[in-house]
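These notes are about the structure you will find just below.
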Amino acid sequence: MMYSRKQGILEANGHEFDNSYKRGTPLTFSLGTGQVIQGWEQGLLGMCAGEKRKLVIPPDLGYGSAGAPPSIPPHAVLIFEVECMKIEDKKMEL
58 MMYSRKQGIL EANGHEFDNS YKRGTPLTFS LGTGQVIQGW EQGLLGMCAG EKRKLVIPPD
118 LGYGSAGAPP SIPPHAVLIF EVECMKIEDK KMEL
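Next up, the structure:
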């Protein structure tokens with residue numbers, strides 16, 4: 058399980074469509090489970106706690122021709138600033 062903070066903007070116009078820093082709550086997910094877009098699956102692989110990455114995600118690895126209305130239009134290139142706060146290995150919890 059990864060705990061992260063992120064800011065997401067549209068490359069086309071710089072519009073911020075998501076910001077967990079402002080919400081004050083981390084995003085939690087596990088890679089390889091289909092919980093996040095494919096661009097995150099690929100771009101965050103191997104990330105360590107405390108690390109920050111900038112991801113530029115093409116439409117085919119984001120929301121594609123459907124977009125994610127109303128915030129993300131079809132065929133949008135997405136830019137994410139992602140900070141990994143903590144990683145928990147669920148396999149260790151027995």
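Be aware that the sequence shown starts at 58, since it is given in this note's numbering, and climbs by one per residue.
Beta carbons are placed, not taken as given, at the ideal position from N, Cα and C, and that holds for glycine.
Straight through space, the alpha carbons of ASP146 and GLN64 are spaced by roughly 25 Å. Within the segment 80-135, the complete alpha helix (DSSP H) runs of at least 4 residues fall at 95-100.
Three or more beta-carbon pairs separated by less than 8 Å are not found between the segment 114-125 and the segment 75-89, which leaves the two stretches without contact. If you look at ASN70, you'll find it isn't in any beta strand (DSSP E); DSSP assigns it neither H nor E. Relative to the Cα of ALA106, the nearest Cα in the group PRO127, ILE144, LEU67, ARG62 belongs to ILE144.
Per DSSP, the beta-bridge partners of TYR60 are THR85, LYS143.
Residues ARG62, GLN64 of the same chain have their beta carbon placed closer than 7 Å to that of TYR78, with the five preceding and five following residues left out of the count.
Under the 10 Å beta carbon count, LEU135 is surrounded by 16 or more other beta carbons and is classified as buried. Within the model, the alpha-carbon separation for MET58 versus VAL113 is close to 23 Å.
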